[in-house]
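Asks: I'd like to ask you about the structure that follows.
There are 2 protein chains.
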Amino acid sequence: MNGGKLPTIRDVAARAGVSVMTVSRVANKQSWVSPATRAKVEKAIAELNYAPNATARALAGGDRRVALLYRSSTTSAYLGELLLGGMDEAARRHFHLVVEQCESGVPVEEVMARIVQARLSGVVMPPPLCDWDELIEALARQGVPAVMMAPDRVHTGLPVVAIDDGQAASDMTRHLIELGHRRIAFIRGNPRHRSSDRRLEGYRRTMAAQGLEVSEDYIVEGDFSYRSGLEAAERLLDLAVLPTAIFACNDDMAAAAITIAHQRQISVPAELSVCGFDDTPLAGAIWPALTTVRQPIRDMSRAAMTLLAGAIRGPGGESEGQALARLDYQIIRRQSDAVPPLHQERG
Amino acid sequence: MNGGKLPTIRDVAARAGVSVMTVSRVANKQSWVSPATRAKVEKAIAELNYAPNATARALAGGDRRVALLYRSSTTSAYLGELLLGGMDEAARRHFHLVVEQCESGVPVEEVMARIVQARLSGVVMPPPLCDWDELIEALARQGVPAVMMAPDRVHTGLPVVAIDDGQAASDMTRHLIELGHRRIAFIRGNPRHRSSDRRLEGYRRTMAAQGLEVSEDYIVEGDFSYRSGLEAAERLLDLAVLPTAIFACNDDMAAAAITIAHQRQISVPAELSVCGFDDTPLAGAIWPALTTVRQPIRDMSRAAMTLLAGAIRGPGGESEGQALARLDYQIIRRQSDAVPPLHQERG
DNA sequence: CGGAGCAATGGTAACGTTATCAGTCGCAGC
DNA sequence: GCTGCGACTGATAACGTTACCATTGCTCCG
Chain A
1256 MNGGKLPTIR DVAARAGVSV MTVSRVANKQ SWVSPATRAK VEKAIAELNY APNATARALA
1316 GGDRRVALLY RSSTTSAYLG ELLLGGMDEA ARRHFHLVVE QCESGVPVEE VMARIVQARL
1376 SGVVMPPPLC DWDELIEALA RQGVPAVMMA PDRVHTGLPV VAIDDGQAAS DMTRHLIELG
1436 HRRIAFIRGN PRHRSSDRRL EGYRRTMAAQ GLEVSEDYIV EGDFSYRSGL EAAERLLDLA
1496 VLPTAIFACN DDMAAAAITI AHQRQISVPA ELSVCGFDDT PLAGAIWPAL TTVRQPIRDM
1556 SRAAMTLLAG AIRGPGGESE GQALARLDYQ IIRRQSDAVP PLHQERG
Chain B
1256 MNGGKLPTIR DVAARAGVSV MTVSRVANKQ SWVSPATRAK VEKAIAELNY APNATARALA
1316 GGDRRVALLY RSSTTSAYLG ELLLGGMDEA ARRHFHLVVE QCESGVPVEE VMARIVQARL
1376 SGVVMPPPLC DWDELIEALA RQGVPAVMMA PDRVHTGLPV VAIDDGQAAS DMTRHLIELG
1436 HRRIAFIRGN PRHRSSDRRL EGYRRTMAAQ GLEVSEDYIV EGDFSYRSGL EAAERLLDLA
1496 VLPTAIFACN DDMAAAAITI AHQRQISVPA ELSVCGFDDT PLAGAIWPAL TTVRQPIRDM
1556 SRAAMTLLAG AIRGPGGESE GQALARLDYQ IIRRQSDAVP PLHQERG
């Protein structure tokens, strides 16, 4: 073509016999271009196998760079999912997605300086960053659009993408009740995470709605870690009256509960059902595989990008109300739940 | 400053009383700039809080975009690790790292078209892409530098980053032997992956070196999946003379072996030691936690980026020989291995 | 003492796109 | 027939950097 180099918009324009602007308009599906001209240009584009240069486009146009912020504590699996979802949605919208580490140890000013210098038009904040208040305020002051993913509390005015934690916990609880369980214990997550509270609340609500009383002994503290799950499960299985099911606030703690059950020769799920939350890879890899709630992280990330796009284009504009994407969770039934032993019929 | 906008190289030049080129040279730590001038410029940079615009830099300069290719079958955890390592090394070298999905179903020409259109200066190919021969050839034809990560076979002339699979397997085998094991079984991975063969070979070599004969019954086929691990373990534990240790080619299959042992009331590690390979998150989350070999995926990704940088700058130049980065693996000892039961002293 | 050689700078043209504004053309309204 | 308008198209200037000479002053050598 032109010396081994890739065709530029100019090559296309020359071939189609139009100006570069017309090509640009066609390429961006913009404004008024006559059908005849459009066809000519499209033909030339196809013939030359032309693809716009994203870098030049970014420099000339609004330079749309968005960042996925993350803490080093984020598991790489979670980060991978976030990326997988975010990347293609970002590409579709001509965004450049960059990944930015963002520790809580460093002062907010420093983080903000990095964000400004990186010329970011917006940021996606997965947990736990979405609950770092100082950063959120600083972003607002600088007018940098941000989207929260599964935050603990809803920050007014900011777009949010989340699942309904309470409803999911409620559904799982109902599932266990329908299997015949009456003595269902609950392992809480880190009390600093409100999602933990919301899950607990969904559990409580449903137990109450079904007329089942919950002994406070059956609700034990955890902090989302495997280790805390071990302790919590030991406390529960030390009780005089054992629960027939344990519903843990995340998969790690559920896995820990299964481990303790194994140690005590309690068969799962025959004697004890165990359910988790999050559907981490772990859930499918342990034995028995964990029944759990799947958060569609990839879709959430995609949705976050969409919301961010809206926030960037119309800062404060568009819908006056809270932008909120509630995605569908899914209960993944595997082998860790079953009808309880000595099942008494309801009455 | 200049109207709410970020300072450009021109602002810095004006403030320092030099030309933009001098600023550019200072910013890139290049060639000859007198210490006095350098100091002036650096002062101005600091005062204005100037940061070069990566987009403009990419457009003007060599446009260094490199891609991390991946298959959809890649676990998100692996992808996350790759990214974590690749990202910061790429940033350090002023590369833009993009992530590109790349299925085996689509024709090579189509993949190549995407790569060319995306203006990639190089690609990193993690497994299993690094063993897709047609793609490798096509890349070579187009002159796109590529780095292989942990490929099954070494493609002459291409840079490779890997650990020594055979040596790692050998070390793990020796570890088990030193604990006192004599009947050590091996679960192979997918026969199409040469790394599986190399691990098997390391195991065989070490057994032989220690004068231990290996019954062919003790070497069973798997394909890296949990399910195949279940079947393999069942075959092994059906044998008349049980092994005292099982060394599986990856963690999923090792976890499966532990599951089968649990089902048969065989205590791990008291009656049976089980070891894996890869140190996936699973390894630390099951009970007993898995003793396994850790591949430093993050470091490998970083190293791949470094090698790629070399390949991009000097295509064929620099070292004439095979560029190869062999990274250190690590045996992570957890709770799934122990001295065998009825331990007979060596003789 | 004239110029070759070199360190240190500066001017200016790319890089490939989009924004902005200025046309051009045909046609309806007065 | 001129004016105005609306649909369409084109020139040209950004965008912020780096690459590629050109231009200084020097020093050093014959």
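So the sequence lines, in the order shown, correspond to chains A and B. In this text, residue positions in the first sequence follow my numbering: the first is 1256, and each later residue adds one. In this text, residue positions in the second sequence follow my numbering: the first is 1256, and each later residue adds one. We treat Cβ as the ideally placed atom computed from N, Cα and C, and that holds for glycine.
(1) Which residue from B:Gly-1377, B:Ala-1544, B:Trp-1287 and B:Asn-1445 puts its Cα closest to that of B:Asp-1407?
(2) Is DSSP giving B:Arg-1293 helix, strand or coil here?
(3) In its own chain, which residues sit with a C-beta less than 8 Å from the C-beta of B:Asp-1533, not counting the 5 before and 5 after it?
(4) My output table needs one value for A:Gln-1356: the three-state DSSP class, helix, strand or coil.
(5) Have a look at the DSSP bridge pairing and note the partners of A:Gly-1377.
(6) Using the three-state DSSP reduction, which class does A:Ser-1528 fall into: helix, strand or coil?
(7) What is the rounded straight-line gap between the Cα of A:Phe-1441 and the Cα of A:Glu-1486?
(8) Taking all protein chains shown into account, do 16 or more other C-beta atoms lie within 10 angstroms of the C-beta of B:Arg-1396, making it buried, or fewer, making it exposed?
(9) Give me the residue from A:Thr-1535, A:Leu-1597 and A:Ser-1327 with the minimum Cα distance to A:Glu-1526.
(10) Going by DSSP, what residue range makes up the beta strand (DSSP E) through A:Val-1548?
(11) Taking the CB atoms as reference points, tell me whether B:Glu-1365 and B:Arg-1553 lie closer together than 8 Å.
(12) Are A:Leu-1261 and A:Val-1416 touching if we call contact CB-CB under 8 Å?
(13) Just the Cα atoms here: how many angstroms apart are A:Arg-1557 and A:Met-1380?
(14) When DSSP labels each residue in this structure, what does B:Ala-1503 get in the three-state scheme?
(15) Give me whichever residues DSSP pairs with B:His-1351 in a beta bridge.
(16) The alpha helix (DSSP H) with A:Gln-1422 in it runs from where to where?
(17) Less than 8 Å between C-beta atoms, sequence neighbours within five positions excluded: which residues of the same chain meet that for A:Ile-1501?
(18) List, in chain order, every chain A residue whose beta-carbon is nearer than 8 Å to that of B:Arg-1482.
(19) Determine the DSSP secondary structure at A:Asp-1533, reduced to helix, strand or coil.
(20) Starting from A:Val-1416, trace the beta strand (DSSP E) in both directions and tell me its first and last residue.
(21) Determine the chain A residues that contact B:Ala-1313 at a beta-carbon separation under 7 Å, and present them in chain order.
(22) By how many angstroms is the C-alpha of B:Gly-1316 removed from the C-alpha of B:Ala-1373?
(23) Could you give the distance in angstroms between the alpha-carbon of A:Asp-1419 and the alpha-carbon of A:Thr-1461?
(24) At the 8 Å Cβ level, is A:Gln-1585 part of the contact set with chain B, yes or no?
(25) Please return the same chain residues whose Cβ sits closer than 7 Å to the Cβ of A:Arg-1449, not counting the five positions on each side in sequence.
(26) Within 10 angstroms of its Cβ, does A:Ser-1591 collect 16 or more other Cβ (buried), or is it exposed?
(27) Is there a C-beta anywhere in chain B that falls below 8 Å from the one on A:Arg-1374?
(28) Do you know how far the Cα of B:Thr-1329 is from the Cα of A:Leu-1323?
(29) Using a threshold of 8 Å, state whether the C-beta atoms of A:Leu-1334 and B:Leu-1537 are closer than that.
(30) I want to verify the contact list: residues of chain A whose CB lies under 7 Å from the CB of B:Glu-1336, in sequence order.
(31) Could you tell me which residues DSSP pairs with A:Arg-1581 in its beta bridges?
(32) Out of curiosity, what's the CA-to-CA distance linking B:Arg-1204 and B:Leu-1314?
(33) Please state if the CB of A:Leu-1375 and the CB of A:Arg-1447 are separated by a distance shorter than 8 Å.
(34) For B:Glu-1344, count neighbouring Cβ atoms within 10 angstroms of its own Cβ and tell me buried if that reaches 16, exposed if not.
(35) Would you mind working out which of B:Ala-1309, B:Lys-1298, B:Asn-1308 and B:Cys-1357 sits nearest B:Arg-1326, comparing C-alpha positions?
(36) By Cβ distance below 7 Å, which residues in the same chain neighbour B:Asp-1452 in space, the five residues on each side in sequence not counted?
Replies: By the coordinates alone:
(1) B:Asn-1445
(2) helix
(3) Asn-1505, Asp-1506, Thr-1547, Val-1548, Arg-1549 and Gln-1550
(4) strand
(5) A:Val-1321
(6) strand
(7) 13 Å
(8) exposed
(9) A:Leu-1597
(10) 1547-1549
(11) no
(12) no
(13) 13 Å
(14) strand
(15) B:Arg-1320
(16) 1420-1434
(17) Ile-1439, Ala-1440, Phe-1441, Ile-1442, Ala-1488, Leu-1491, Ala-1509, Ala-1512, Leu-1527, Ser-1528, Val-1529 and Cys-1530
(18) Simply none; closest approach about 11 Å.
(19) strand
(20) 1415-1417
(21) Thr-1310
(22) 16 Å
(23) 14 Å
(24) no
(25) Asp-1407 and Arg-1408
(26) buried
(27) yes
(28) 21 Å
(29) no
(30) Ser-1331
(31) A:Ala-1417
(32) With chain B covering only 1256 through 1602, there is no way to say anything about residue 1204 of chain B.
(33) no
(34) buried
(35) B:Cys-1357
(36) none
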